[in-house]
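Presented below is the structure to which this report refers.
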Amino acid sequence: MINSQTLKGHQGRVWNVSWNPQGTMISSCGEDKNIRLWESFGNKFTAKAILSDGHQRTIRETAWSPCGNFIASASFDATTAVWDKRSGQFECNATLEGHENEVKSVTWSKNGQFLATCSRDKSVWVWEVGEEDEYECAAVINAHIQDVKKVRFHPFDNILASASYDDTVKLFKEDKAEADWINFATLKSHTSTVWSLAFDRIGSRLATCSDDATVKIWKEYKPGNSAGIPTPDNDSVWKCVCTLSGHHGRTIYDISWCHLTDLIATACGDDAIRIFKENPEAGDSDMVSFDLVHTEHRAHNQDVNCVAWNPVVPGMLASCSDDGDVKLWQIKLENL
Amino acid sequence: MNPGGDVLENINPTLYSKCEDRPVTAEDQNDYITDEFDSREIFDLIRNIYDPEHPLTLEELHVVDLSLIQVNNETNQIKVNFTPTIPHCSMATLIGLSIRVRLIRALPARFKVVVEITPGSHSTEFAINKQLADKERVAAALENSTLIGVINQCISRPSPAA
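The listed protein sequences correspond, in order, to chains A and B. Position 336 of the first sequence, counting from 1, maps to 336 under my numbering, and the rest follow consecutively. In short: position in the second sequence from 1, add 336, done, that's my numbering.
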């Protein structure tokens with residue numbers, strides 16, 4: 001694993017890095033209330049723009065729309081801003097309000113139709129993306145009993161997953177008849193805060209990471225599955241099929257499942273980045289196993305807050321830390 | 337000062353005597369000797385933090401104690417246990433936050449600071465420990481100007497005359 005570049009510029013903690021869908025740009029954000037955009041020229045990333053004055057407090061996360069023309073930013077100031085580049089550069093033309101406290105995470109559905117946010121106020125909001133900077137609240141979901149840390153959409157379907165301080169992960173889907181979003185599955189197994197989650201490339205498995213210092217892999221069992229797992233209410237059931245414990249020294253703040261290489265990367269409070277690969281010899285798809293194939297000790301000087309695989313370039317990883325740095329890494333895939 | 341309300345929760349806390357100052361040795365004055373952080377140094381950073389309710393320090397109330405501080409310079413880990421004066425103390429989170437803030441500000445960023453309630457000394461110790469360990473919630477709390485004002489007062493009131 002080679003540290004190909006270190007991007008400096010943020011003041012203080014950097015909470016999140018996100019790739020645009022083309023894999024050519026990175027957005028980063030943190031406690032300095034700025035979003036920084038970095039663009040690749042050849043193999044080097046250079047500072048492209050700083051988006052400031054969109055938020056009054058820490059920016060916790062940014063997310064690119066599937067078309068790459070919009071960036072949504074979630075802030076501790078209880079708002080979510082949407083930036084677009086119709087004028088040629090990114091400008092904030094919409095601010096979504098409604099949460100009572102800090103917004104912790106934001107995500108776009110694959111078809112670009114929905115935006116979801118979550119907050120310390122324990123709720124998950126789904127917004128329908130309309131024309132002309134209009135975002136209509138489609139649902140306010142109060143399924144969690146604590147602070148909600150992360151929301152992520154399924155890679156193909158309009159299924160939403162959320163992770164919470166209440167130690168659970170919940171899955172939601174649109175109930176078209178009721179014009180509402182309903183909680184159809186609750187994933188219980190972690191023993192402390194679930195900080196983040198990631199779907200695999202086809203969306204039939206989910207990886208979650210927690211303050212309990214474990215990673216868990218969950219598998220979907222659809223109605224009528226050959227394993228004989230009962231599916232009451234005719235909804236898919238998700239079961240924990242693997243727990244990776246003993247690898248991480250502290251809280252795991254983020255997890256990214258590469259849709260090109262199937263590798264899993266984790267960001268940990270012990271300053272390390274770890275890479276996991278599925279062991280194909282496990283055979284039985286109900287008893288999967290993953291091997292730790294690389295540990296980058298001291299990847300950063302402080303807690304690693306986020307890891308993100310480039311969606312186009314295999315093996316390219318971005319990370320960010322409390323130390324204020326954004327780093328780019330290249331994994332030597334032939335060695336794994 | 338009493339931010340919790342008009343009635344003191346613990347009207348008559350037990351008072352303990354303060355420890356002696358750390359003696360300064362010749363080695364301490366020598367710039368060529370590397371001094372590792374030790375538990376006494378951490379104790380000195382937090383012993384004079386004031387209780388939110390009483391004009392008394394955490395040391396005088398036995399909320400912090402030298403024996404409940406662990407320092408590991410090799411792994412950059414510091415663990416501080418603190419003991420609320422009463423098992424249902426509503427100020428426990430605020431006291432823990434004050435200790436955290438004091439140490440975050442004073443220590444090099446390489447240190448991982450864990451602040452937890454002494455096991456068995458508070459009715460909701462698990463919930464308070466979880467909150468104090470959640471750096472995202474701590475960061476959000478420290479952006480609250482009212483709260484940071486109270487914490488700054490606890491931390492930085494002039495230490496009592498020796």
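Just so you know, even glycine gets a beta-carbon here, dropped at the ideal spot from N, CA and C. What you are looking at is a predicted structure, and each value in this text was computed from that prediction instead of being measured.
Local conformation of C258/A per DSSP, three classes:
Sequence index remark: in the first sequence, residue 258/A carries index 258 (1-based). C258/A: coil per DSSP, three-state reduction.
For H294/A, tell me which candidate among T251/A, P280/A, T266/A and G42/A has the shortest Cα-Cα distance.
Within the first sequence, the letter at position 294 stands for residue 294/A. The shortest C-alpha separation from H294/A is found at T266/A.
Expressed to the nearest angstrom, what Euclidean distance is found between the alpha-carbon atoms of S192/A and T214/A?
The residue you call residue 192/A lines up with position 192 of the first sequence. The residue you call residue 214/A lines up with position 214 of the first sequence. So the alpha carbons of these two residues sit roughly 10 Å apart.
Could you pull the start and end residues of the beta strand (DSSP E) that G485/B belongs to?
Mapped onto the second sequence, residue 485/B falls at position 149. Where G485/B is concerned, there is no enclosing beta strand (DSSP E), although the alpha helix (DSSP H) it sits in stretches over S481 to S492.
If you measure beta-carbon to beta-carbon, which residues of the segment 461-491 of chain B are closer than 8 Å to chain A?
K466, A469, D470, K471, E472, R473, A475, A476 and E479
Quick one, are the C-beta atoms of W83/A and A138/A less than 9 Å apart?
Within the first sequence, the letter at position 83 stands for residue 83/A. Within the first sequence, the letter at position 138 stands for residue 138/A. No, these two residues do not count as a Cβ contact at 9 Å.
Cβ closer than 7 Å: which chain B residues qualify as neighbours of F90/A?
Taking the first sequence and counting its residues from 1, the one referred to as residue 90/A is at position 90. In chain order: nothing, as chain B lies at least about 25 Å away.
Measuring straight from C-alpha to C-alpha, what distance separates D270/A and K122/A?
To locate residue 270/A, count along the first sequence from 1; it is residue 270. To locate residue 122/A, count along the first sequence from 1; it is residue 122. Looking at the two C-alpha atoms, the distance is approximately 28 Å.
Alpha carbon to alpha carbon, how far is Q11/A from V237/A?
One-based indexing of the first sequence puts residue 11/A at position 11. One-based indexing of the first sequence puts residue 237/A at position 237. Those two C-alpha atoms are separated by around 44 Å.
Between the CA atoms of G68/A and I378/B - distance to the nearest angstrom:
The residue you call residue 378/B lines up with position 42 of the second sequence. The residue you call residue 68/A lines up with position 68 of the first sequence. If I take the Cα positions, the gap works out to 49 Å.
Taking just the CA atoms, how far does E410/B sit from R120/A?
Residue mapping note: residue 120/A aligns to position 120 of the first sequence, counting from 1. Residue mapping note: residue 410/B aligns to position 74 of the second sequence, counting from 1. Taking the straight line from one Cα to the other gives about 35 Å.
Per-residue DSSP class, three states only, for D180/A
Mapped onto the first sequence, residue 180/A falls at position 180. It is a strand residue.
Taking all protein chains shown into account, do 16 or more other C-beta atoms lie within 10 angstroms of the C-beta of K354/B, making it buried, or fewer, making it exposed?
Here the question's residue 354/B lines up with position 18 in the second sequence. Exposed, because fewer than 16 other Cβ atoms sit within 10 Å of the Cβ of K354/B.
Does the count of Cβ pairs from the segment 386-395 of chain B and the segment 452-459 of chain B closer than 8 Å reach three?
no
Checking the sheet assignment: what are the DSSP bridge partners for Q365/B?
Here residue 365/B corresponds to residue number 29 of the second sequence, with the count starting at 1. In the DSSP output, where bridge partners are listed per residue, Q365/B has none listed.
Considering only C-alpha positions, which residue in the set D77/A, H144/A and Q89/A is nearest to F70/A?
The residue given as residue 70/A occupies position 70 in the first sequence. Nearest C-alpha to F70/A: Q89/A.
Following a CB-centred definition, is L244/A positioned closer than 8 Å to any heavy atom of the ligand ZN?
The ligand ZN is not part of this structure, which contains no ligands at all.
Excluding the 5 residues flanking A185/A on each side, which residues of the same chain have their C-beta closer than 6 Å to its C-beta?
By 1-based counting over the first sequence, the position of residue 185/A is 185. Here the set comprises L171 and W238.
How far does the alpha helix (DSSP H) with E461/B in it reach, from first residue to last?
Looking up residue 461/B in the second sequence gives position 125. Where E461/B is concerned, the enclosing alpha helix (DSSP H) stretches over E461 to A469.
Using the C-alpha atoms, what's the distance from H390/B back to G485/B?
In the second sequence, residue 485/B corresponds to position 149, counting from 1. In the second sequence, residue 390/B corresponds to position 54, counting from 1. In a straight line, the C-alpha of G485/B is about 17 Å away from that of H390/B.
Using the three-state DSSP reduction, which class does S245/A fall into: helix, strand or coil?
Along the first sequence, read from residue 1 onward, the residue named residue 245/A stands at position 245. In this structure, S245/A counts as coil in the three-state DSSP scheme.
Output the distance between the C-alpha atoms of N412/B and R446/B, rounded to the nearest integer angstrom.
What you label residue 412/B is simply residue 76 of the second sequence in a count that begins at 1. What you label residue 446/B is simply residue 110 of the second sequence in a count that begins at 1. Rounded to the nearest angstrom, the two C-alpha atoms are 6 Å apart.
Could you please give me the residues that DSSP links to W38/A through a beta bridge?
The residue labelled residue 38/A in the question sits at position 38 within the first sequence. Bridge partners of W38/A: I26/A and A47/A.
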